[in-house]
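K.L.:
Quick one: this structure, given as structure tokens, is what I'll be asking you about.
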Amino acid sequence: MIPERQAGLCGGGARGFTLIELIVTVAIVAILASGLVPLGELALTRGKEMDLRRALRQIRGALDEYKKATQDGRLKKDAAASGYPPSLDVLVSGVPDLRSAEGAKIYFLRRLPRDPFNTDETARPEDTWGVRSYESPPDDPRPGKDVFDVYALSERTGLNGVPYRKW
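What follows is the structure, given as structure tokens:
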């Protein structure tokens with residue numbers, strides 16, 4: 153009785169995969185996975201680009217609101233000043249409202265977003281952006297007495313072919 157059992161376990165009726173079938177299957181899975189890696193990287197880059205657009209819109213909107221509040225006489229402005237904030241920190245820390253009897257502050261951002269393409273996790277959010285002063289030309293942005301605009305410091309080029317610095 154024992155020899156029959158052994159024959160049934162190892163005989164012609166045994167089912168399973170051969171070594172060649174397993175190798176072919178692993179090769180097919182590897183080819184499919186190698187095709188998915190670039191798609192994953194593309195999706196990650198698109199997500200970062202959306203975050204960059206959103207952050208630039210938020211900061212630029214806050215800069216415009218600061219300028220408008222200055223023009224409306226709600227913020228203190230020197231005669232020679234442009235009316236833009238002296239730093240990005242001011243947008244978050246707030247500025248005294250001249251029209252408020254209680255000395256309330258005007259806040260333009262709850263928090264300053266980080267540049268999503270800046271890889272230094274220890275850097276403060278305001279240090280992840282390049283700033284352009286009002287007196288600086290658009291083709292050669294430089295910091296100055298105020299913050300007229302912000303730009304990404306990344307040297308990379310976007311999926312649309314435009315460098316992130318020029319967004």
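Numbering (the numbering used here), first residue to last: 153 to 319.
Idealized CB from N, CA, C, for every residue including glycine.
These numbers come from a predicted model, not from an experiment.
Is the Cβ-Cβ distance between residue 317 and residue 305 less than 9 Å?
P.N.:
A contact, by the Cβ cut-off of 9 Å.
K.L.:
For residue 286, which residues in the same chain have their Cβ closer than 6 Å to its Cβ, ignoring the five residues on either side in sequence?
P.N.:
Excluding sequence neighbours, residue 286 sits near 234, 236, 298 and 300.
K.L.:
I think residue 204 touches residue 279, with their Cβ atoms under 8 Å apart; what is that distance to the nearest whole Å?
P.N.:
Not a contact, Cβ separation roughly 16 Å.
K.L.:
Apart from the five residues on each side of it in sequence, which residues of its chain come closer than 7 Å, Cβ to Cβ, to residue 200?
P.N.:
Cβ neighbours of residue 200 beyond the five flanking positions: 268 and 269.
K.L.:
Quick one: residues in its chain with C-beta nearer than 8 Å to the C-beta of residue 226, no 5 flanking neighbours on either side, listed in chain order?
P.N.:
Cβ neighbours of residue 226 beyond the five flanking positions: 249, 250, 251 and 258.
K.L.:
Pull the bridge partners of residue 282 from the DSSP assignment, please.
P.N.:
In the DSSP output, where bridge partners are listed per residue, residue 282 has 303.
K.L.:
Are the beta-carbon atoms belonging to residue 311 and residue 184 less than 9 Å from one another?
P.N.:
No, Cβ-Cβ distance for residue 311 and residue 184 is not below 9 Å.
K.L.:
Considering only C-alpha positions, which residue in the set 277, 173 and 187 is nearest to residue 239?
P.N.:
Comparing Cα positions, the closest option is 277.
K.L.:
Cutting at 6 Å between CB atoms, please list the residues of its own chain near residue 281, excluding the five before and the five after it.
P.N.:
Here the set comprises 267 and 302.
K.L.:
Could you please give the first and the last residue of the uninterrupted alpha helix (DSSP H) stretch that includes residue 201?
P.N.:
Where residue 201 is concerned, the enclosing alpha helix (DSSP H) stretches over 171-223.
K.L.:
Would you identify the three-state DSSP class for residue 318, choosing helix, strand or coil?
P.N.:
Residue 318: helix per DSSP, three-state reduction.
K.L.:
Is residue 277 helix, strand or coil by DSSP?
P.N.:
Residue 277 falls in the helix class under three-state DSSP.
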